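**Student:** This is the structure I want to talk about, given as structure tokens.
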Amino acid sequence: MPRVHSDNVQLPLTWNAGTDKQASRPMDRTVLIVTYLLTLIGLIIMFSASGVMAETRYGDSTFFLKRQSLWLLSGLVALHWVAQRDYTVWKTLTPYGLVLTFVLLVLVLLPFLGTQVNGARRWFRLAGLSIQPGEIAKLAVVLYLASFLVRKEQDLAFFTRGVLAPMAVVGLFAGLLLLEPDMGTAVVLTLLLFGLLFLGGARFSHLLVLGLVLLAVAYTLIMQSDYRRRRLLNFLDPWKDSADTGFQLTQSFVALGNGGWFGVGLGEGRQKLFFLPEAHTDFVLALVGEELGFLGTGLLIALFAILIVKGFKIAGQAPDAFGRHLACGITLLVGIQVLINMSVVSGLMPTKGLTLPFVSYGGSSLIVSLVAMGILLSISRAGPSGRPLSSFGIG
15 MPRVHSDNVQ
25 LPLTWNAGTD
35 KQASRPMDRT
45 VLIVTYLLTL
55 IGLIIMFSAS
65 GVMAETRYGD
75 STFFLKRQSL
85 WLLSGLVALH
95 WVAQRDYTVW
105 KTLTPYGLVL
115 TFVLLVLVLL
125 PFLGTQVNGA
135 RRWFRLAGLS
145 IQPGEIAKLA
155 VVLYLASFLV
165 RKEQDLAFFT
175 RGVLAPMAVV
185 GLFAGLLLLE
195 PDMGTAVVLT
205 LLLFGLLFLG
215 GARFSHLLVL
225 GLVLLAVAYT
235 LIMQSDYRRR
245 RLLNFLDPWK
255 DSADTGFQLT
265 QSFVALGNGG
275 WFGVGLGEGR
285 QKLFFLPEAH
295 TDFVLALVGE
305 ELGFLGTGLL
315 IALFAILIVK
325 GFKIAGQAPD
335 AFGRHLACGI
345 TLLVGIQVLI
355 NMSVVSGLMP
365 TKGLTLPFVS
375 YGGSSLIVSL
385 VAMGILLSIS
395 RAGPSGRPLS
405 SFGIG
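Position one of the sequence shown corresponds to residue 15 (this note's numbering), numbered consecutively onward.
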């Protein structure tokens, strides 16, 4: 257990303190089943959301379905391969992954390498497929932070020795992402940093001061950028300019409102008929609400909640500190993205261009999410029966 300092928040996780991993333990079936269900629901609703647009744009209503199916098949193969490996190998590979991710984030900014879409340069185009380094950066940062917390667990009470280094690394990655620009992923990385440092035992006073500084920086970035400022004003009053800057959010509200309790029926949604932009990517949840209604949306939220609860339980039962921090990081990664995406679609947060894990269209996001689940399943195979996460009310 981490030491308790006068203004230090003790890690609210409890775990088995043993270091011997249990060999050949079956992987967590609940996590595996829920992951399969989420990807299946995602494939169906993504096809429903994209079919008309794909037919109009490419003359093939299954254009996006075929691509997503290819990514899904590759991701599931990767998930099972990773799940059978010893997760501790990632600790050794973390420095190489971090350097590779940094290089990719730099290269994607170069006009002759990165592809620009809607004013953002976030993708590489290879053989007709798109690769987004920002998605890779999410998992790379989780691995780095887990490895760092193992090495510096006793230094987290000190700002310079325990907080400054990970803040600098995550800040560097976030800065490169802001140059694309991709503020949504930069926010995810920042929240991951705060979440894992808090769970690792960093002083609350350090995190509070750091958080206030970052809020000031975020406010400055928003006010100095015309499109970010318009997004913020649109978020505060989307109906004021519902035909222009508030169009996407108000159409999302219309889709959710049309669904009612039971939805208009799978495939019968109207907002995907060129009313709701990005209906198959960032705003796919709005189509879930319209076609499957409140009950269908509630089921999807319940599946994510199960996955998050199980993730923290696996962290509590991990046999070593690396597995514990890594499982927490993966769980936080999924939970943060789900929370932000759902908040954006429902108008609780400004639009950030962040996909819904396992459900939205996007090969890079799907592959990274499935590999992360493979690592989580690998940790579940190694974990002995640990104590419950009583501080979270889970157990």
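Yeah, the Cβ is synthetic: ideal placement off N, Cα and C, and Gly gets one too.
Since the model is a prediction, treat every value here as computed from it, not as a measurement.
What does the alpha-carbon distance come out to for the pair F289 and Q265?
**Tutor:** So the two alpha carbons sit approximately 7 Å from each other.
**Student:** Please name the residue, chosen from L87, P195, T102, L211, that lies closest to Q146 on a Cα-to-Cα basis.
**Tutor:** Nearest option by C-alpha distance: P195.
**Student:** Ends of the beta strand (DSSP E) at A179?
**Tutor:** Here A179 belongs to no beta strand (DSSP E); instead the alpha helix (DSSP H) covers 178 to 193.
**Student:** Tell me, please, whether the stretch 178 to 187 touches the stretch 135 to 142 by the rule of three or more beta-carbon pairs shorter than 8 Å.
**Tutor:** Touching, no.
**Student:** Quick check on D74: buried or exposed, where buried means 16 or more other Cβ atoms within 10 Å of its Cβ?
**Tutor:** Answer is exposed; the Cβ neighbour count stays below 16.
**Student:** Thinking C-beta only, is S392 closer than 8 Å to V96?
**Tutor:** Yes, they are a contact pair.
**Student:** Select from L90, V359, L57 the residue whose C-alpha is nearest the C-alpha of Q82.
**Tutor:** The candidate whose alpha carbon is nearest that of Q82 is L57.
**Student:** Report, in whole angstroms, the separation of the C-beta atoms of D255 and T369, which I expect to be a contact under 8 Å.
**Tutor:** That pair is no contact at about 25 Å.
**Student:** Between which two residues does the beta strand (DSSP E) holding R135 run?
**Tutor:** It spans 134 to 140 - the beta strand (DSSP E) in which R135 sits, taken as one unbroken run.
**Student:** Taking the alpha helix (DSSP H) that V382 falls in, what are its first and last residues?
**Tutor:** Its alpha helix (DSSP H) spans residues 377 to 396.
**Student:** Between the alpha carbons of A411 and R139, how many angstroms are there, rounded?
**Tutor:** Since the displayed the chain opens at 15 and closes at 409, residue 411 lies outside it and no answer follows.
**Student:** Label W253 either buried or exposed according to how many other C-beta atoms from any shown protein chain fall within 10 Å of its C-beta, with 16 as the threshold for buried.
**Tutor:** Its Cβ having fewer than 16 others within 10 Å, W253 is exposed.
**Student:** Distance cutoff 8 Å, beta carbons only. Does I315 sit that close to anything in chain B?
**Tutor:** The structure shown has no chain B; it contains just one protein chain.
**Student:** Could you check where the alpha helix (DSSP H) with Q238 kicks off and where it finishes?
**Tutor:** Per DSSP, Q238 belongs to the alpha helix (DSSP H) from 218 to 238.
**Student:** Could you tell me how far apart the beta carbons of L54 and G111 are, in whole angstroms, since I believe they sit closer than 8 Å?
**Tutor:** About 29 Å; that fails the 8 Å criterion.
**Student:** Using the C-alpha atoms, what's the distance from A335 back to Q36?
**Tutor:** Residue placement at Q36 cannot be trusted, given a pLDDT of 42 that sits under 50; what the coordinates show is reported in the next sentence. Taking the straight line from one Cα to the other gives about 15 Å.
**Student:** Look at the alpha carbon of A386 and the alpha carbon of W104, and state the distance between them as a whole number of angstroms.
**Tutor:** A386 and W104: Cα-Cα distance of roughly 11 Å.
**Student:** For I9 versus G148, is the C-beta distance shorter than 8 Å?
**Tutor:** Residue 9 falls outside the range modelled here, since the chain spans only 15 to 409, and no answer is possible.
**Student:** Report the three-state DSSP secondary structure of V298 (helix, strand or coil).
**Tutor:** Residue state, collapsed to three classes: helix.
**Student:** Note down the Cα distance separating K327 from L206, rounded to an integer number of angstroms.
**Tutor:** Taking the straight line from one Cα to the other gives about 18 Å.
**Student:** Going straight from the alpha carbon of G271 to that of M356, what length do you get?
**Tutor:** For G271 and M356, the distance between alpha carbons rounds to 15 Å.
**Student:** How about G214 and L170: do their beta carbons lie closer than 8 Å?
**Tutor:** Yes; because the gap between Cβ atoms is below 8 Å, this pair is in contact.
**Student:** Residues in the same chain with beta-carbon distance under 8 Å from V45, minus the five sequence neighbours each way, listed in chain order, please.
**Tutor:** If we look at V45 and ignore the five residues flanking it on each side, its Cβ neighbours are L321, K324, G325, I328, M387, L390, L391, S394.
**Student:** What does the alpha-carbon distance come out to for the pair G198 and K80?
**Tutor:** When rounded, the distance between both Cα atoms is 27 Å.
**Student:** Mind checking which residues open and close the alpha helix (DSSP H) that includes S357?
**Tutor:** That run of the alpha helix (DSSP H) goes 335 to 359.
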